[in-house]
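Beneath this line is the structure, given in structure tokens, with notes to follow.
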């Protein structure tokens with residue numbers, strides 16, 4: 209069920225529209241704030257797996273890091289290059305057109321201080337194998353940032369926002385969920401699975417965050433575009449992101465893992 213690259217090529221306009229929504233901007237800002245707590249000092253070599261049109265990569269490039277955006281969608285990578293050019297960051301951003309499994313051969317001896325794997329694993333049949341590959345691309349003490357949709361939120365959103373308890377009950381045990389933008393089924397991987405795969409790959413989970421702990425349970429999307437509402441909402445999301453029980457119900461699970469750390 210691994211999603212083919214044409215799926216992403218064909219939905220770029222819809223993806224960019226979603227990225228402009230307040231809740232997606234919130235997703236990026238909270239994720240960036242979480243990750244900033246764990247970055248090594250100095251300019252970093254960063255690999256952004258499934259980096260698409262560069263939305264995660266460009267802020268890091270603007271901070272002086274060198275980012276390689278890897279994706280198997282050629283159209284998405286073209287968008288990333290255009291965005292880097294427009295931002296004056298072309299020298300800080302490289303792109304590589306490859307599937308994740310082919311990266312070790314294409315990258316050769318290159319190793320990275322930070323690898324981003326954001327909203328990728330749910331599209332893969334062998335998420336555990338993918339994380340093992342990424343572990344092999346990290347430098348000693350390198351950091352892996354993993355973000356994926358949280359299955360718990362599927363149940364709660366169906367019950368609370370859609371007011372559909374039957375759909376919520378079905379979501380409780382469904383192995384897949386349907387994406388709105390790309391219109392494909394994706395895997396639902398829970399926190400225990402993700403932690404287990406990271407640890408089996410030789411990585412130590414050093415932080416667990418939730419992204420959008422409350423946003424997705426607020427039905428009034430129009431208010432989220434109001435700066436007077438959005439600013440305190442973002443402050444709340446940042447405060448809740450690392451705390452139980454709130455992170456357990458967030459729309460996205462964010463795990464930060466390190467190579468070489470001990471529990």
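Numbering (this note's numbering), first residue to last: 209 to 471. We put the beta carbon where it would ideally sit given N, CA and C, even for glycine.
Does DSSP put residue i in a helix, in a strand, or in coil?
i           : result
residue 417 : strand
residue 238 : helix
residue 369 : coil
residue 388 : coil
residue 465 : strand
residue 361 : helix
Any idea if residue i is buried or exposed, counting beta-carbon neighbours within 10 angstroms, 16 or more meaning buried?
i           : result
residue 355 : buried
residue 470 : With a pLDDT of only 49 at residue 470, under 50, the local geometry of the prediction cannot be trusted, and the value read off the model is given with reservation. Exposed, because fewer than 16 other Cβ atoms sit within 10 Å of the Cβ of residue 470.
residue 249 : exposed
residue 466 : buried
residue 230 : buried
residue 288 : buried
Hey, quick one: how far does the beta strand (DSSP E) through residue i stretch, first residue to last?
i           : result
residue 326 : 320–326
Going by the CB atoms, is the gap between residue j and residue i shorter than 8 Å?
i           : j           : result
residue 358 : residue 458 : yes
residue 241 : residue 446 : yes
residue 441 : residue 421 : no
residue 363 : residue 345 : no
residue 247 : residue 413 : no
residue 393 : residue 384 : yes
residue 387 : residue 418 : no
Report the option in the options whose CA atom is closest to the CA atom of residue i.
i           : options            : result
residue 298 : 265, 402, 350, 374 : 265
residue 276 : 391, 455, 314, 230 : 314
Return the first residue and the last residue of the alpha helix (DSSP H) that residue i is part of.
i           : result
residue 427 : Premise fails: residue 427 is in no alpha helix (DSSP H) and is neither H nor E.
residue 341 : 335–343
residue 292 : 282–294
residue 314 : 311–315
residue 302 : Run containing residue 302: none in the alpha helix (DSSP H); it sits in the beta strand (DSSP E), 301–305.
Say the cut is 7 Å; is the CB of residue i nearer than that to a heavy atom of the ligand FAD?
i           : result
residue 265 : This structure does not include the ligand FAD; it has no bound ligands of any sort.
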